[in-house]
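Q:
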Amino acid sequence: SGALGVRGSTSQGFYVEDLSVVQCRGLHDLEYVISQGLAHRHSRHHLLNQHSSRSHAVLSVYLDVADSAEAPPGRYGRLSLLDLAGSENVRASQSSGGGLKEAGAINRSLFALAQVIKSLSLGPGRGPPHVPYR
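So the sequence shown is numbered by the numbering used here: it starts at -6 and just counts up by one.
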């Protein structure tokens, strides 16, 4: 399906383009959504791992509750789970062709994520003035 673009705007803030949002009424619905997400994950085998995840995944569960059937639901909480594709030592895994290209992209994206986390952890005035979110 391809990568989803991270965008920023003054009206929406940061958002993920073409992100899927699904309302679940219970655990069965949530399990179905998770199974669909897992079915879209891409993996590849190499010398070190038979099922190496080649994609990142984010699952955010928003819990909304209402005091009564007539009351509109209020936000109760959010749980976000991230499954990141692992970095890869290309020499040890002996990846080649498409696997080599994927490994490079994964390693670059994990490096970019590390830079974002580092920038955010330093706090205002101690880190760079711009957080490299892409």
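Ideal placement from N, C-alpha and C gives every residue a C-beta, glycine not left out.
Fair warning: this is a prediction, and the values are worked out from it, not measured in the lab.
#1: From this set, V58, L74 and A59, which residue's C-alpha is nearest A50's C-alpha?
#2: Which of helix, strand or coil does DSSP assign to A62?
#3: Assuming S46 and G79 are in contact, meaning their beta carbons sit under 8 Å apart, how far apart are those beta carbons, in whole angstroms?
#4: Which residue's Cα is closest to the Cα of I27: S36, G(-2), S13 and R37?
#5: Could you compute how far the alpha carbon of V15 sits from the alpha carbon of D76?
#6: Starting from the N-terminal side, write out each stretch of the alpha helix (DSSP H) that is 4 residues or longer and does not extend beyond the region 7 to 32.
#7: Roughly how many angstroms lie between the CA atoms of R37 and S48, to the nearest whole one?
#8: For L52 and V109, what's the separation of their Cα atoms in angstroms?
#9: Could you tell me which of G97, N82, V83 and V9 sits nearest to L(-3), measuring between CA atoms?
#10: Measure from the C-beta of E63 to each C-beta in chain B and report whether the shortest distance is under 8 Å.
#11: Just mark E63 as buried or exposed, buried being the case when its beta carbon has 16 or more other beta carbons within 10 Å.
A: Looking at the coordinates:
#1: Here residue 50 refers to the residue found at position 57 of the sequence shown. Closest option to A50, Cα to Cα, is L74.
#2: In the sequence shown, the residue the question calls residue 62 occupies position 69. A62: coil per DSSP, three-state reduction.
#3: Here residue 46 refers to the residue found at position 53 of the sequence shown. Here residue 79 refers to the residue found at position 86 of the sequence shown. About 7 Å; that satisfies the 8 Å criterion.
#4: In the sequence shown, the residue the question calls residue 27 occupies position 34. Nearest option by C-alpha distance: S13.
#5: Taking the sequence shown and counting its residues from 1, one reaches residue 15 at position 22. Taking the sequence shown and counting its residues from 1, one reaches residue 76 at position 83. Those two C-alpha atoms are separated by around 19 Å.
#6: 20 to 32
#7: In the sequence shown, the residue the question calls residue 37 occupies position 44. In the sequence shown, the residue the question calls residue 48 occupies position 55. Near 10 Å, if we compare the C-alpha coordinates of S48 and R37.
#8: Taking the sequence shown and counting its residues from 1, one reaches residue 52 at position 59. Taking the sequence shown and counting its residues from 1, one reaches residue 109 at position 116. Distance between the alpha carbons of L52 and V109: 20 Å.
#9: Residue mapping note: residue -3 aligns to position 4 of the sequence shown, counting from 1. Of G97, N82, V83 and V9, the residue nearest in Cα terms is V9.
#10: Protein chains in the displayed structure number just one, and chain B is not present.
#11: Walking along the sequence shown from the start, residue 63 turns up at place 70. It is exposed - the Cβ of E63 has fewer than 16 other Cβ atoms within 10 Å.
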